[in-house]
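Quick notes on the structure that follows.
Numbering (this note's numbering), first residue to last: 89 to 368.
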């Protein structure tokens, strides 16, 4: 089953230093030029995902999976709710996604909403409706329908005026290794973004990498993250989100997880806090 937990051996210090040096070396190469969350992409959704540099396509194991990779919804059982709030530097922009997911015996359903206020594109507002199915012991697939809502509006819009979709796949060939794929339709027909991700756990460390390929240009976006949960109730995170460094920390108690993340974006750093509540 993809619903699993695992532990492996502790990595050497050389591996940790090598990863940090690699991140430092590629910092000048990839630069963030716009807020990608203004379109129907999952970036910035979830303080945990942001803390590990938005490298979440192959991780996708919490309530935000409906945005990141709907196939990941089958990795847990029961009901999960989440909400995220940008609580610092809201004068620049506001971004507060939320959602709820349900998973049972290899089937999953999800609803989520993300809305940004104070950005140049107006009020980008999207409702997500997702479904996922486990196809075998190591494979799952998922589909998200994304509805852009009109602003201003005098009525609540369950769907909206523009419909797009995401197709997600998740592979787990080994207990500590996962691969994810997210094909995204943002407008018109066809796929505009293809994101490939991998996640590897080594004892108390988890490393993840996403590479997002746009179909209208040749330069991909790179996202890298690491999570250290030596003490599972207080995980520590570090990431590199396509040119912007990120850090994060969490607090877990029973079925409640509270996460904090900061992204050092331009023109100023932004801070997010999120909460996930689980019912099984």
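By construction, the Cβ of each residue, glycine as well, lies at the ideal position given by its N, Cα and C atoms.
The model shown is predicted, which means the values in this text are computed figures rather than measured ones.
{"Query": "Does DSSP put residue 353 in a helix, in a strand, or in coil?", "Result": "coil"}
{"Query": "State buried or exposed for residue 115, treating a residue as buried only when at least 16 other CB atoms are found within 10 Å of its CB.", "Result": "Note that residue 115 scores a pLDDT of 43, beneath 50, so its modelled location is shaky; the value from the coordinates is reported in the next line. With fewer than 16 Cβ atoms within 10 Å of its Cβ, residue 115 is classed as exposed."}
{"Query": "Where do the ends of the alpha helix (DSSP H) carrying residue 331 lie?", "Result": "No alpha helix (DSSP H) contains residue 331, which DSSP labels as neither H nor E."}
{"Query": "Tell me the DSSP secondary structure of residue 196 in three-state form.", "Result": "strand"}
{"Query": "What did DSSP end up calling residue 274 once you bin it into helix, strand or coil?", "Result": "coil"}
{"Query": "Between the alpha carbons of residue 259 and residue 266, how many angstroms are there, rounded?", "Result": "6 Å"}
{"Query": "Mind pulling the alpha helix (DSSP H) runs of 4 or more residues that sit fully within the stretch 111–195?", "Result": "135–139, 153–156"}
{"Query": "Tell me the DSSP bridge mates of residue 214?", "Result": "202, 236"}
{"Query": "Which two residues bound the contiguous beta strand (DSSP E) that contains residue 288?", "Result": "281–290"}
{"Query": "Report buried or exposed for residue 212, applying the criterion of at least 16 other Cβ atoms within 10 angstroms of its Cβ.", "Result": "buried"}
{"Query": "What is the DSSP secondary structure of residue 296, counted as helix, strand or coil?", "Result": "strand"}
{"Query": "Just how far apart, CA to CA, sit residue 250 and residue 319?", "Result": "44 Å"}
{"Query": "If I measure Cβ to Cβ from residue 118 and keep anything under 6 Å in the same chain, skipping five residues before and after, which residues do I get?", "Result": "Since pLDDT at residue 118 reaches only 39, below the 50 mark, its modelled position is unreliable, and no value is offered."}
{"Query": "What would DSSP say about residue 342, mapped onto helix, strand or coil?", "Result": "coil"}
{"Query": "What are the start and end residues of each continuous beta strand (DSSP E) run of 3 or more residues lying completely inside the stretch 237–264, in chain order?", "Result": "250–262"}
{"Query": "Let me know if residue 185 comes out buried or exposed under the rule of 16 or more other beta-carbons within 10 Å of its beta-carbon.", "Result": "buried"}
{"Query": "Would you mind giving the Cβ-Cβ distance between residue 228 and residue 279, rounded to the nearest angstrom? I have them listed as a contact below 8 Å.", "Result": "With 8 Å as the limit, residue 228 and residue 279 do not qualify as a contact, their Cβ atoms being about 20 Å apart."}
{"Query": "Ends of the beta strand (DSSP E) at residue 362?", "Result": "358–367"}
{"Query": "Who are the near neighbours of residue 317 in its chain, counting only those whose CB is closer than 6 Å to its CB and skipping five residues on each side?", "Result": "292, 323"}
{"Query": "Going by C-alpha to C-alpha distance, which of 334, 325, 152 sits closest to residue 196?", "Result": "152"}
{"Query": "Using 8 Å as the threshold, is the C-beta distance between residue 140 and residue 314 below it?", "Result": "yes"}
{"Query": "If the criterion is Cβ atoms closer than 8 Å, does the pair residue 338 and residue 136 meet it?", "Result": "yes"}
{"Query": "Can you name the residues that DSSP bridges to residue 221?", "Result": "195, 229"}
{"Query": "Tell me which residue opens and which closes the beta strand (DSSP E) that residue 310 is part of.", "Result": "309–316"}
{"Query": "Per the DSSP calculation, residue 321 is bridged to which residue(s)?", "Result": "Answer is none; residue 321 lacks a bridge partner."}
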